[in-house]
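Residue numbers (my numbering), protein chains in the order written: chain U, 2 to 244; chain Z, 4 to 280.
See structure below.
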Amino acid sequence: MIEVADLSVAYGTGRRRVLAVDRVSLSVPTGEMGALVGPSGCGKSTILYAVDGLIPPTEGTISVADEPVHGVRRDVALILQDAGLLPWKTVRQNAELALRIQGVGEDVADILNTLGLTGFENSFPAELSEGMKRRVGIARALALHPRVLLMDEPMANLDSLTREHIQKLILDLWKSLRFTALLVTHDIEEAVFLGRHVFVLSRRPARVVEAIANPEAGTAAYRGSDTFVQRVRYLHELLGGVQ
Amino acid sequence: MSVRTQGGDRRSAAEILSGAKSVATYLLAACVVLGVWWIVAHILYAVRGYSVLPTPAETFRLAITLRGDLAPAFGNSALRFLISIVVAFVLAVPFGLVVGFSRRLHQYVSPLVFLTYPIPPVALLVFLYMAFGTGEAVRVFVVTIALFFQLLVAAMGAARQIPPSFVTSVRSAGATKWGLYKHVVLPATLPSMLTAARVSVGLGITLLYIAETRIGAVGGARSGLGVFIKVHSHAPAEYELSAVVGLALMGLVFYTALELLDRWLCRWRHVGGGGGT
Numbered sequence: 002m003i004e005v006a007d008l009s010v011a012y013g014t015g016r017r018r019v020l021a022v023d024r025v026s027l028s029v030p031t032g033e034m035g036a037l038v039g040p041s042g043c044g045k046s047t048i049l050y051a052v053d054g055l056i057p058p059t060e061g062t063i064s065v066a067d068e069p070v071h072g073v074r075r076d077v078a079l080i081l082q083d084a085g086l087l088p089w090k091t092v093r094q095n096a097e098l099a100l101r102i103q104g105v106g107e108d109v110a111d112i113l114n115t116l117g118l119t120g121f122e123n124s125f126p127a128e129l130s131e132g133m134k135r136r137v138g139i140a141r142a143l144a145l146h147p148r149v150l151l152m153d154e155p156m157a158n159l160d161s162l163t164r165e166h167i168q169k170l171i172l173d174l175w176k177s178l179r180f181t182a183l184l185v186t187h188d189i190e191e192a193v194f195l196g197r198h199v200f201v202l203s204r205r206p207a208r209v210v211e212a213i214a215n216p217e218a219g220t221a222a223y224r225g226s227d228t229f230v231q232r233v234r235y236l237h238e239l240l241g242g243v244q
Numbered sequence: 004m005s006v007r008t009q010g011g012d013r014r015s016a017a018e019i020l021s022g023a024k025s026v027a028t029y030l031l032a033a034c035v036v037l038g039v040w041w042i043v044a045h046i047l048y049a050v051r052g053y054s055v056l057p058t059p060a061e062t063f064r065l066a067i068t069l070r071g072d073l074a075p076a077f078g079n080s081a082l083r084f085l086i087s088i089v090v091a092f093v094l095a096v097p098f099g100l101v102v103g104f105s106r107r108l109h110q111y112v113s114p115l116v117f118l119t120y121p122i123p124p125v126a127l128l129v130f131l132y133m134a135f136g137t138g139e140a141v142r143v144f145v146v147t148i149a150l151f152f153q154l155l156v157a158a159m160g161a162a163r164q165i166p167p168s169f170v171t172s173v174r175s176a177g178a179t180k181w182g183l184y185k186h187v188v189l190p191a192t193l194p195s196m197l198t199a200a201r202v203s204v205g206l207g208i209t210l211l212y213i214a215e216t217r218i219g220a221v222g223g224a225r226s227g228l229g230v231f232i233k234v235h236s237h238a239p240a241e242y243e244l245s246a247v248v249g250l251a252l253m254g255l256v257f258y259t260a261l262e263l264l265d266r267w268l269c270r271w272r273h274v275g276g277g278g279g280t
C-alpha cells in the first residue's frame, strides 16, 4: 500500500520559497494502480519523487508497505518520462543498472525477453525507437522485482499506437506481477483507463481536488464503454474548472 | 538473433566506410595544404625575384637529410606535450567535474578559476625561470598550466549541463555519490572533455613552441622542435620550415589519437537510427 498523509513539499527558503505540494493525502491499496492527473507543472512529479524517497517531505508522512519512506528503497522503482536511459549504456547495461548499483548479480535476459528486447541487448538507446526505449525503461524498473512501481508520464510524447501498446504492456505486467503502482499523467483517458484510484490535482501548489474510485479500470473492454466515456468527460469538466 | 547479427555487420561496415572517408578527407586536406604552400612559394619567388618561402619538395628533402636531428627533437617535444596533456587531464577533469556538479562549490570556486584562467602562462615564464630554473620541468609546466585551465573550464561547464533525468534515474536506483560520478557524471562529460582536449592541442603546441624557443635560448635542456627552430634561426628557411612541419605533424598525431579515443570510449555517440516500436 502507498499511503501519503498531509504531504507538503516546498523548494527554496525565505522569499524564494515555493510551495509545490500542499497537504496532499492519498492512498493506493496493495496490488492496485492509482493515477495522479492534473495540469502541467502542478506538482504531480514532485509527489511521485517524494514517494520514491528522492525528495524529502517538508511536512507530512509517506509510507510504502507500512514502512515510512526515508530515502530511496530497493522495493520501489521509478520509470521516468523519457525512460531516463543513459545513452552511453547498452540496452542490457541500462536494464541491469539498478541491479549493479544494488550489487545484485542477477541476469536480465528473461525480462528483456518478456519485453520483446531480445536481439537488441547490445544496442545503444540512440539505435532504438521511442517505444523500445520505454520498454527498456520498464525492464530496468522491473529488474529488481519491486513491490511498488512509480511511473512519471511513461507514455508521454508517444504516437497513439505506441502509447496503446505500452499501456497494454504495463497492464499485462501489472496483472501478472501484481505490484502496487502510482501513475502520473496529464492524459485524462490514460488515467481513467489505467487507474483504479484517480486523484485529480489542482494547479500549483498541488492539492487533491477529488479522489475518484474507478474499479473498472485495467480491462480492455472498459475503454470505449459508457462508464469510461462519462468518467473521462467528468474529469475533463473537473480539470477545466481547475485550469 | 539475426537482428543483432545484421545490426553488428551493418555497424562494422558503416565504421569501416566512415574510417575510409576520414582517411580520404585527411589526404585531400594534406594535398590542399601542400598545393597552396607550393603556389604561395612560387608566387613569392615571382614577385620578389628570390626564394622567400621554400617549396614543400625542398623542405621535405632537407627534412629527410636532417632526420637524425629532427627525429629526436620531434620525440622530445612530443613527450613533453604528452606529459603535459596527461597531467592536465588527470588534475583538471576530476576537479572541474566536482566543482561543476556541486552548485555550492561552483558558486565559491568559479570566480577564482575565471580570474586566473585568462592569465597567459607565457607571461609567467620569467618568474618560473627564477623559481625553478630553465630545466625540463618549466617547459612542461607552462604547457600543462595552459591545458589545465582549458580542461578545467570545459569540465565545469560539462558537469553543469548534465540532464537532470540522468541523475534522477541513477539516484532512484539507489546510487551513492560515487555511483553518480561513475554511472553519470564521468560518462556524460567524457565527450566534452575529449573535445576540449582536441581543441587545446593547438594552444598546447603553440605554448610548447614558445617555451622551447624561449628557454631553448636560455638554458641547455634537451632538444625539441622549438629549440631546433631557435638554433637554426639564421640558417636557410627550409631548416625552420622542416621543424614547423614537424610541429604540425605532432598536432595531427595528438588530434587523431584523441579522435580515435573518442570513437572508442564514446562509441554510443557515433550510432543512431532507431526503428520499430
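Every residue gets a Cβ at the ideal spot worked out from N, C-alpha and C, and that includes glycine.
Which residues in chain U have a C-beta closer than 7 Å to the C-beta of Z:W271? List them in chain order.
As a working mapping, residue 271 of chain Z is identified with position 268 in the second sequence. Going along chain U in sequence order, the residues near Z:W271 (Cβ under 7 Å) are P88, W89, F125, A127.
Distance between Z:L268 and Z:Y242 (C-alpha atoms, nearest Å)
Position 239 of the second sequence, counted from the first residue, corresponds to residue 242 of chain Z. Position 265 of the second sequence, counted from the first residue, corresponds to residue 268 of chain Z. Near 39 Å, if we compare the C-alpha coordinates of Z:L268 and Z:Y242.
Within the same chain, show all residues whose beta-carbon is closer than 8 Å to that of U:Q103, passing over the 5 residues directly before and after it, in chain order.
The count along the first sequence starts at 1 and reaches residue 103 of chain U at position 102. For U:Q103, where only same-chain residues beyond five positions count, the Cβ hits under 8 Å are R75, L145.
Return the chain-ordered list of same chain residues with a C-beta closer than 6 Å to the C-beta of Z:W271, the five sequence neighbours on each side being excluded.
Within the second sequence, numbered from 1, the residue matching residue 271 of chain Z stands at position 268. No residues qualify anywhere along the chain.
Note down, in chain order, each residue of its chain lying with its Cβ closer than 6 Å to the Cβ of Z:L47, except the 5 sequence neighbours on either side.
Indexing the second sequence from 1 puts residue 47 of chain Z at position 44. Result list for Z:L47: V55, L56, in chain order.
CB contact flag (Z:V112, Z:V102, <8 Å)
Here residue 112 of chain Z corresponds to residue number 109 of the second sequence, with the count starting at 1. Here residue 102 of chain Z corresponds to residue number 99 of the second sequence, with the count starting at 1. Result yes, Cβ atoms of Z:V112 and Z:V102 sit closer than 8 Å.
Starting from the C-beta of Z:L250, find all residues in its chain whose C-beta is less than 7 Å away, skip the five residues before and the five after it, and write them out in chain order.
Counting from one through the second sequence, the residue named residue 250 of chain Z turns up at place 247. Result list for Z:L250: I208, Y212, L228, in chain order.
Answer yes or no: do U:E190 and U:V233 have a C-beta to C-beta separation smaller than 8 Å?
For the purposes of this step, residue 190 of chain U is identified with residue 189 of the first sequence, where counting begins at 1. For the purposes of this step, residue 233 of chain U is identified with residue 232 of the first sequence, where counting begins at 1. Yes, the Cβ-Cβ distance between U:E190 and U:V233 is below 8 Å.
Within-8 Å CB hit, Z:H186 to chain U
The residue you call residue 186 of chain Z lines up with position 183 of the second sequence. Chain U contact via Cβ: present.
Do three or more CB pairs link the region 247-261 of chain Z to the region 115-134 of chain Z at distances below 8 Å?
no
Kindly indicate if chain U contains any beta-carbon less than 8 Å away from that of Z:R266.
Within the second sequence, the letter at position 263 stands for residue 266 of chain Z. Not an interface residue.
N-terminal and C-terminal residue of the alpha helix (DSSP H) that U:D7 is part of:
Counted from its first residue, the first sequence places residue 7 of chain U at position 6. U:D7 -> not in any alpha helix (DSSP H); beta strand (DSSP E) instead, spanning 3-12.
Would you please verify whether the beta carbon of U:I171 is less than 8 Å from any beta carbon of chain Z?
The residue given as residue 171 of chain U occupies position 170 in the first sequence. Cβ-Cβ to chain Z under 8 Å: no for U:I171.
Quick one: is Z:Y53 buried, meaning 16 or more other Cβ sit within 10 Å of its Cβ, or exposed?
As a working mapping, residue 53 of chain Z is identified with position 50 in the second sequence. Exposed is the call here.
Between the alpha carbons of U:P57 and U:L49, how many angstroms are there, rounded?
Along the first sequence, read from residue 1 onward, the residue named residue 57 of chain U stands at position 56. Along the first sequence, read from residue 1 onward, the residue named residue 49 of chain U stands at position 48. Rounded to whole angstroms, U:P57 to U:L49 spans 11 Å at the Cα level.
Alpha-carbon to alpha-carbon, U:L172 and U:K45:
Reading the first sequence from its first residue, position 44 is the one you call residue 45 of chain U. Reading the first sequence from its first residue, position 171 is the one you call residue 172 of chain U. Using only the alpha carbons, I get a separation of about 21 Å.
From the DSSP output, in three-state form, read off U:R75 for me.
Indexing the first sequence from 1 puts residue 75 of chain U at position 74. U:R75 falls in the coil class under three-state DSSP.
Here's the rule I'm using: 16 or more other beta-carbon atoms within 10 Å means buried, otherwise exposed. How should U:S203 be labelled?
Locating residue 203 of chain U in the first sequence gives position 202, counting from the first residue. So U:S203 counts as buried.
From Z:V6 to U:G138, what does the alpha carbon distance come to, in whole angstroms?
If you number the second sequence from 1, residue 6 of chain Z lands on position 3. If you number the first sequence from 1, residue 138 of chain U lands on position 137. Caution is warranted here: a pLDDT of 41 is assigned to Z:V6, below 50, making its placement in the model unreliable, and the coordinate value is therefore given only provisionally. Whole-angstrom Cα-Cα distance: 21 Å.
Excluding the 5 residues flanking U:A192 on each side, which residues of the same chain have their C-beta closer than 6 Å to its C-beta?
Residue numbering aside, residue 192 of chain U sits at position 191 when the first sequence is read from its first letter. Correct list, in chain order: A36, V38, T186, V199.
So is Z:R174 in contact with chain U if we call contact Cβ pairs under 8 Å?
Here residue 174 of chain Z refers to the residue found at position 171 when the second sequence is read from its first residue. It does; some Cβ of chain U falls within 8 Å.
Just checking my contact of U:R148 with U:A66 at CB under 8 Å: how many whole Å lie between their CB atoms?
As a first step, residue 148 of chain U is located in the first sequence; it is residue number 147 there, counting from the start. As a first step, residue 66 of chain U is located in the first sequence; it is residue number 65 there, counting from the start. Rounded, the Cβ-Cβ distance is 6 Å, consistent with contact.
Give the straight-line distance between the Cα atoms of U:D23 and U:E60, rounded to the nearest whole angstrom.
Here residue 23 of chain U refers to the residue found at position 22 of the first sequence. Here residue 60 of chain U refers to the residue found at position 59 of the first sequence. So the two alpha carbons sit approximately 9 Å from each other.
Inter-residue spacing [alpha-carbon to alpha-carbon] between U:L151 and U:L183
For this step, residue 151 of chain U is matched to residue 150 along the first sequence. For this step, residue 183 of chain U is matched to residue 182 along the first sequence. Their backbone Cα atoms lie some 5 Å apart in a straight line.
Selected residue, minimal CA-CA separation from Z:A176, among U:Y12, U:A99, U:P30, U:L81
Within the second sequence, residue 176 of chain Z is the residue found at index 173, counting from 1. Among U:Y12, U:A99, U:P30, U:L81, the Cα nearest to that of Z:A176 belongs to U:A99.
The alpha helix (DSSP H) with U:S124 in it runs from where to where?
Within the first sequence, the letter at position 123 stands for residue 124 of chain U. Looking at the DSSP string, U:S124 is not in any alpha helix (DSSP H), and its letter there is neither H nor E.
Can you tell me which residues form a DSSP beta bridge with U:E211?
For the purposes of this step, residue 211 of chain U is taken as the residue at position 210 of the first sequence. DSSP output for U:E211 lists U:V201 as bridge partner(s).
Any C-beta of chain Z within less than 7 Å: which residues of the region 53-79 of chain U qualify?
D53, L55, V73, R75, L79
Coil, strand or helix - Z:V256 by DSSP:
Numbered from 1 along the second sequence, position 253 holds the residue referred to as residue 256 of chain Z. DSSP places Z:V256 in helix when its eight states are reduced to three.
Count the C-beta pairs between the region 83-94 of chain U and the region 120-131 of chain U that are closer than 8 Å, then say yes if the count reaches three, no if not.
yes
Please confirm if U:A99 has its CB atom under 8 Å from at least one CB of chain Z.
Taking the first residue of the first sequence as 1, we reach residue 99 of chain U at position 98. Yes, U:A99 counts as interfacial toward chain Z.
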